[in-house]
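Undergrad: My structure is below; once you've seen it, I'll send some questions.
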Amino acid sequence: MNARVFRFAPSPNGPLHLGHALSALLNAERARQAGGRLLLRIEDIDTIRCRPEYEAAIRDDLAWLGIAHETPPRRQSEHFDDYRAALDRLTAMGLVYPAFLSRAQTKAHAADPAFPRDPDGAPLYPGTDRDLDAADAADRIAAGRPYALRLKMAEAVRRAGPLDWSEREEGRVPADPARWGDVVLARKETPTSYHLSVVVDDALQGVTDIVRGRDLYHATSVHRLLQTLLGLPQPAYEHHRLILGADGRKLSKSEGARALGALRAEGATPEDIRRLVGL
């Protein structure tokens, strides 16, 4: 029987905080319990915000916490061809279209509080360019217009049929990817998206168990859809509790959550970190 494979997959766009520590420690513990493997994946598709010094800090933090993982890590920025191949398959199925409405324009469409939103609260793309003439779309791209490549969600859902996933504490959970609307699969400046790259990586790396934060629970519906369309294996999932700040919101790098490195510099020990995250 093949060993179970877990992965910790941070983005090197800032230092790790307590929320990352909880996820990394849980992955390491689940791998140990299962006699499995733990992989480190560096999710650096954002080549502007992601930096080598943050990746080095991630490795230092994991070593300090006593978390051993296989090396070398997979860096997404080195595998854009893999994501392009998956995107080409979806395009050949007639499920991808270029959309030219900007984020700001989408938000303008959503000024009405009743405008439909995704599970994260962001306004859904209104489908403005879904049926745009192919020649017109090609002309806009050739002219240098910014664009996103989006999934034709309704058609994708129709083809995939009913979907669900295995959740550690809940059993089978019905998936509802349509709640996300026509999700972005790539952009002009970035040849993949989080949704597309993670399902491709998990399949190529043989990941069998995905342990990650509850904030990604609903995104699993999109991942199950893409896995089904692309004929990829279905991992088991565990979405753990989040570490919240004093304001009741989840910790965020962009909002200055205390870094593990800073806590270490102040004298914290790995045992202190485990206590702070409730382990």
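If you use the UniProt record's numbering, the sequence shown corresponds to residues 1 to 279, in order. Glycine included, each C-beta is placed from N, C-alpha and C at the ideal position.
(1) Could you say if the stretch 213 to 232 and the stretch 182 to 195 meet the contact criterion of at least three C-beta pairs nearer than 8 Å?
(2) Are the Cβ atoms of residue 21 and residue 244 separated by less than 8 Å?
(3) At which residues does the alpha helix (DSSP H) containing residue 201 begin and terminate?
(4) Does the stretch 87 to 105 come close enough to the stretch 141 to 150 that 3 or more CB-CB pairs lie under 8 Å?
(5) Helix, strand or coil for residue 80, going by three-state DSSP, please let me know.
(6) Secondary structure at residue 120, three-state DSSP: helix, strand or coil?
(7) Output the distance between the C-alpha atoms of residue 269 and residue 17, rounded to the nearest integer angstrom.
(8) With DSSP as the reference, label residue 69 as helix, strand or coil.
(9) How would you call residue 2, buried or exposed, if buried means at least 16 neighbouring beta carbons within 10 angstroms?
(10) Hey, quick one: how far does the alpha helix (DSSP H) through residue 229 stretch, first residue to last?
(11) What residue range does the alpha helix (DSSP H) around residue 271 cover?
(12) Can you tell me where the alpha helix (DSSP H) with residue 241 in it begins and where it stops?
(13) Secondary structure at residue 183, three-state DSSP: helix, strand or coil?
(14) What are the boundary residues of the alpha helix (DSSP H) that includes residue 23?
(15) Tell me whether the beta-carbon of residue 51 lies closer than 8 Å to the beta-carbon of residue 207.
(16) Tell me, please, which residues DSSP counts as bridged to residue 156.
(17) Whose C-alpha, out of 120, 157, 191 and 160, is nearest the C-alpha of residue 81?
(18) Answer yes or no: do residue 67 and residue 34 have a C-beta to C-beta separation smaller than 8 Å?
TA: The short version:
(1) yes
(2) no
(3) 194 to 204
(4) yes
(5) helix
(6) coil
(7) 14 Å
(8) coil
(9) exposed
(10) 220 to 230
(11) 270 to 276
(12) Premise fails: residue 241 is in no alpha helix (DSSP H) and is neither H nor E.
(13) coil
(14) 18 to 34
(15) no
(16) Answer is none; residue 156 lacks a bridge partner.
(17) 191
(18) no
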